[in-house]
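One structure is given below, encoded as structure tokens.
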Amino acid sequence: MAKYRGIAGRILLTLVAVIMLLAGSGKLFGFAPEMVVEQLEGFGLGNDLRLIGLAEVASALLLLIPRTSSFGILMTSSFWGGAIVAHLAGDDYAGTAVPLLLLVLTWAATVLRYPQMFASFTESPPAGGD
Numbered sequence: 001m002a003k004y005r006g007i008a009g010r011i012l013l014t015l016v017a018v019i020m021l022l023a024g025s026g027k028l029f030g031f032a033p034e035m036v037v038e039q040l041e042g043f044g045l046g047n048d049l050r051l052i053g054l055a056e057v058a059s060a061l062l063l064l065i066p067r068t069s070s071f072g073i074l075m076t077s078s079f080w081g082g083a084i085v086a087h088l089a090g091d092d093y094a095g096t097a098v099p100l101l102l103l104v105l106t107w108a109a110t111v112l113r114y115p116q117m118f119a120s121f122t123e124s125p126p127a128g129g130d
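Reminder that position 85 of the sequence shown reads as 85 in the working numbering, one-by-one numbering, no gaps.
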């Protein structure tokens, strides 16, 4: 059972990473859909389009590499959190749905793939430890 949970988690994390690679590449290399560019300009982030794309691609790559996936999960979570905040700051409340869904998907996959990341929530600390 644990084997299948791990495989399901890996598939979901790969799906999130592929979405980020596609979206980030468009921003980084200048072929993002006009709607995305206009939306980011509306949020006051038009000048940072390439930087946002670079952060998105870097987060996705970190997520895909097994040795760096823990850091990638944190970077990806931060990226989606930033996207949610940008939509909220731009009074685009409905626009929070996609990044919120991808954030939940990221952490659902993490629970499946790396349940040990949550050990501090379920295990007692050692006696005399901090």
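Heads up, the beta-carbon is just placed ideally off N, CA and C, and yes, glycines get one too. These numbers were taken from a predicted model, which means no experiment stands behind them.
Residue burial is scored here from C-beta neighbours: residue 29 has fewer than 16 other C-beta atoms within 10 angstroms and is therefore classed as exposed. Look at residue 90 here: in three-state DSSP terms it is coil, with no helix or strand label. Boundaries of the alpha helix (DSSP H) around residue 99: 97–113. Segment contact: the segment 107–123 against the segment 2–9, three or more CB-CB distances shorter than 8 Å; contact assigned. Cβ contact annotation for residue 33 (same chain, cutoff 8 Å, sequence separation greater than five): 26, in chain order. DSSP places residue 7 inside the alpha helix (DSSP H), whose first and last residues are 2–29.
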